[in-house]
Every structure is written in C-alpha cells, then in structure tokens.
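Just below is one structure, and these are the notes that go with it.
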Amino acid sequence: MVLRHVWLLPVAAVGFTLISIFSGYAIGVTNGHLPVLLPFISNGGGKIPEASVFGEFLNLAAFFLMLTVYMRHRQITEYYVHRLNWKKTSWWRISLLFMLIGFVSAIGATVVANFRVTELKLVHGIGAIVTFLTMVIYGWGQVILGYALIPRLTPLLVNHLRLLIMILATACLVLHELAAIFKIFVPKGAGSPPAWNDFEMFKSDSPFFLNFIIASSAEWAMTLLMMLFLLTFVAEMRTGNARAPHWIWQHTDDENGGLSQWMDDHRRVKCIKLSYINEITTACCDVLTLYFTNCTSAPSRGFRLVLPLNGRHEILLSFSSKE
C-alpha cells in the first residue's frame, strides 16, 4: 500500500498542537479559569473541562510528531543511501540520534498532556522542559544536516528559513528559562518568588507580573516558532510517497512446520504433499486461490495441495533455490 500525501504528517502534528493549546486557552478563559492576557500554555490543561480537551489533542499531536520525526529520518536515509548509494556512516548515525531526540520530545509532550499542572507540578514541569529542550535540539540537528549533507535534500532557501526560526526559538527558550527558573526579572525586595515548576499567574499590580508575562510570552512564541519549523518539512515530504511496512512470513527447514503448520493450526486445513511434477498442463481441481511462496531452504521442489475443511481447494507452490 502506497502512502501518498506524507506531508500531511507534520501538518497534523502542528494542527493538533494548535487545537490543543488554543482550545484549552479559549475554554479556560470562557469559564473564568484563565486570564485573557497570556497565561502559561500549561494552564490551559489545568482544570476541567479544558484539561480534557487540551490533553486529548496534545496526545494526538505527540503521536503525529513521532511519525513525522520517523518519516524525516527515513526520507534522509532513502535519499542518500538508496538513491545516492552512500554508506551508512557517521552522518546516518547522527540522523538516527536526532530522530531519537525527536521521539523524546514527543514523549515529553504526552507527559505534559497526561500529568496536569494543578495536580502533579513536578512531573508536568519536567515534561515541559524535556519537550521544549529536545525539540530545539532536534530542530538544530535538522538545520545542521541540511547544510552539511551535499548534494542537499533540503532546498537552500528552506534551510535558511529553518536557521532563522531556530535562532529565534533558541532565544525564546533561553528567555523563558531565565524568567521561569531563575526569576531574573523579579525586582529585589519583592519577596520569595514562586518555584520553577509553579505555573502561577499574577495580576498586573504584582511584583512578579513582569517576570510572569515575559516567561509566558517566550513560551508561546517558542511553541509557535517550532510549529512553523515543523511545517517546513512539507517542502521535502510533498515530493515523495511512502510504502506501508510489509509482513514477511518466516519459514522453517522442517516441512511440517512454518506456513503449513500455521495453516493446520489456525485455518483448519489438511495438507497433502504431491510428488514432483515438471509441468502442469491441466488443472484437475477447482482452484480458488494460488499461493506462491519462495522457500529457499526446502529440500525439493514440489506442490502441496491444501484441502480446507469447507471444501475449497488451494494449491501452495514451494520452490527450492536448487534445481
């Protein structure tokens, strides 16, 4: 089965992420749970009912993010290994490493979705940091591979755009961590600031308001920039298709095992082995299905007549690699 429109994978990841964060925000504001002015994204998943919608769509986004990251690595592999006949050296291992980092980012997103900030602040906070940090690392990895691998899979203009996005996203990440963890924008004498994993919201007359608004603004900006980064994968993915994984039967040297044994056990059939025949000129039975199986380990070449209990006839041909 050919999977067309592979470019819809990053679109789905971005779409579900945006639905998650904006629906959580909108429902929270409507129910009076959130302020209108830039709450933390995590606050949109803090209370019921917005928490349920936030978590559901963020889990879907994490799933499609993992698929996108995997397909990106497979695309690089197909282009350089199978099309250009490159060997799988350090460049391939680096691509594999960044794919695994992308997987960690997706897993971190599921932690954010499933561990609410109002109940498990520490776990939620760790999940958020892991998600943001690994996503930025993954983005830089794709930029580096885009410039380093020549001939380029990625158009140069697209890679320039990705570089700009990653510079801005990294700046937002640094600003967010400085404000959220180190509280550098809290004035002296303001008292004890909230903990790093406390996503508390403050009013405009609070001495912690400036630090809060900078941290939340940087978080929103970084998230939207990384969504834009994922959308740039459409530039390469729209030019190709993917094939679904193939199931391959494993056959044993024992002729009483393998596929025939499986058919005996699960399809309730009787197998009758016929003697070797060079040519079949006529069909003497009502053949409904013809199976061709390459059994290179079989000791001889012959035919196996399969008689299902429901009365239909099938022929299973097994060939040896030796004449």
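With the UniProt record's numbering applied, the sequence shown covers 1 to 323. Every residue, glycine too, gets a C-beta built ideally from N, C-alpha and C. As the structure is a prediction and not an experimental result, all values here were calculated from the model.
Here LEU3 carries a strand assignment [DSSP, helix/strand/coil]. For ALA12, the three-state secondary structure derived from DSSP is helix. Scanning its chain for C-beta atoms nearer than 6 Å, with the 5 sequence neighbours on each side dropped, one finds around LEU65 the residues ALA13 and ALA106, in chain order. HIS5 counts as exposed, since fewer than 16 other C-beta atoms from the protein chains shown sit within 10 angstroms of its C-beta. Under the three-state reduction of DSSP output, ARG238 falls in the coil class, being neither helix nor strand. Ranked by Cα distance from ALA180, the options LEU34, LEU228, VAL136 and ILE126 are led by ILE126.
Contact annotation: PHE115 and VAL104 have beta-carbon atoms that are not nearer than 8 Å. Under the 8 Å Cβ criterion, the region 230-240 counts as touching the region 148-159, having at least three qualifying pairs. Per DSSP, MET135 is one residue of the alpha helix (DSSP H) stretching across 121-148. For VAL143, the CB contacts under 6 Å within the same chain, skipping 5 residues up- and downstream, are ARG162, LEU163 and MET166 in chain order.
Distances from the CA of TYR80 to each of SER42, ASN241, TYR70 and TRP92 were compared; the closest alpha carbon is that of TRP92. Pairing MET135 with MET226 gives a Cβ-Cβ distance under 8 Å.
Annotation note: the region 158-185 contains no uninterrupted beta strand (DSSP E) run of length 3 or greater. Per DSSP, TYR79 is not a residue of any alpha helix (DSSP H), being assigned neither H nor E. ARG243 sits in a strand when the DSSP states are folded into three classes.
The beta carbons of ILE94 and LEU145 sit closer together than 8 Å.
Beta-carbon to beta-carbon, LEU67 and ALA109 are separated by about 13 Å, too far to satisfy the 8 Å threshold.
Note that the C-beta distance between VAL117 and GLY28 is not below 8 Å. Between PHE16 and LEU60, the C-beta spacing is below 8 Å.
GLU56 is not a Cβ neighbour of HIS33, given a cutoff of 8 Å.
As summarised for the region 38-101, the continuous alpha helix (DSSP H) elements at least 4 residues long and confined to that stretch are 50-77, given in chain order.
Spatial neighbours of VAL111 in its own chain (CB-CB distance under 6 Å, excluding positions within 5 residues in sequence) are listed in chain order as GLY127.
From the listed residues PHE63, LEU178, CYS172 and PRO193, the smallest Cα separation to ALA221 is found for CYS172.
Counting other Cβ atoms within 10 Å of its Cβ, TRP247 stays below 16 and is therefore classed as exposed.
In the structure shown, VAL29 falls within a helical segment according to DSSP collapsed to helix, strand and coil.
Going by DSSP, THR223 is part of the alpha helix (DSSP H) stretching over 209-231. The C-alpha of LEU9 lies about 43 Å from the C-alpha of PRO207.
Comparing alpha-carbon positions, the option among LEU37, LYS121 and SER20 lying closest to SER204 turns out to be LEU37.
When DSSP states are grouped into helix, strand and coil, SER206 belongs to the coil group.
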